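Residues 1 to 128 in the UniProt record's numbering are what the sequence shown spells out, letter by letter.
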Amino acid sequence: MKVCIVDDAHFIRIMLKDIFTSLGHQVIAEFSSASDLIEEIEDIKPDIVTLDITMPDIDGLTATRIIKNILPEAHIIIISAISQPDIEKEAKKCGAFEFIRKPFSKLAIEHVLKQIEEEQNSKNGAVR
1 MKVCIVDDAH FIRIMLKDIF TSLGHQVIAE FSSASDLIEE IEDIKPDIVT
51 LDITMPDIDG LTATRIIKNI LPEAHIIIIS AISQPDIEKE AKKCGAFEFI
101 RKPFSKLAIE HVLKQIEEEQ NSKNGAVR
């Protein structure tokens, strides 16, 4: 799957890129701000977008709403240190597929990717 990583922390983008790549996915773009992604999303059409909640321009929840309006089939994974039940519920309401708390593990990312693949397989009528 094609992945786009959005986080204002460079080291987080590096960690996520390493994880997604090691799991066989293609990281097609990285951005330090959600507004940069939104400008290019129609051109790059990622299957998966990771977003932080707290970013300098547009917060992750607002970005999720905008992205889902432009590209409804994109799977958005919120990855944030802000992990309060209300925020996690709001993220799901906005269209996020899943919420992962920082610090995150490769196993957490892998688990969510399996959920996405299972959902896609069920939509496509694939049987395991």
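Every residue, glycine too, gets a C-beta built ideally from N, C-alpha and C. Remember, it's a predicted structure, so these values are computed and weren't measured experimentally.
In whole angstroms, what is the alpha-carbon distance linking residue i and residue j?
i    : j    : result
R128 : D57  : With a pLDDT of only 48 at R128, under 50, the local geometry of the prediction cannot be trusted, and the value read off the model is given with reservation. Their backbone Cα atoms lie some 42 Å apart in a straight line.
F31  : G125 : 34 Å
I100 : I38  : 21 Å
T62  : L113 : 23 Å
E40  : Q115 : 26 Å
C94  : R65  : 5 Å
F104 : Q84  : 15 Å
If you measure between the beta carbons of residue i and residue j, is that distance less than 8 Å?
i   : j   : result
L51 : G60 : yes
S33 : T54 : no
V49 : A74 : yes
V6  : K17 : no
F97 : I76 : yes
K2  : D47 : yes
In the DSSP assignment, what residue or residues form a beta bridge with residue i?
i   : result
S80 : R101
Between the segment 13-25 and the segment 86-95, can you find at least three pairs of beta-carbon atoms closer than 8 Å? In this structure the segment 86-95 does not lie against the segment 13-25, because fewer than three pairs of beta carbons, one per stretch, are closer than 8 Å.
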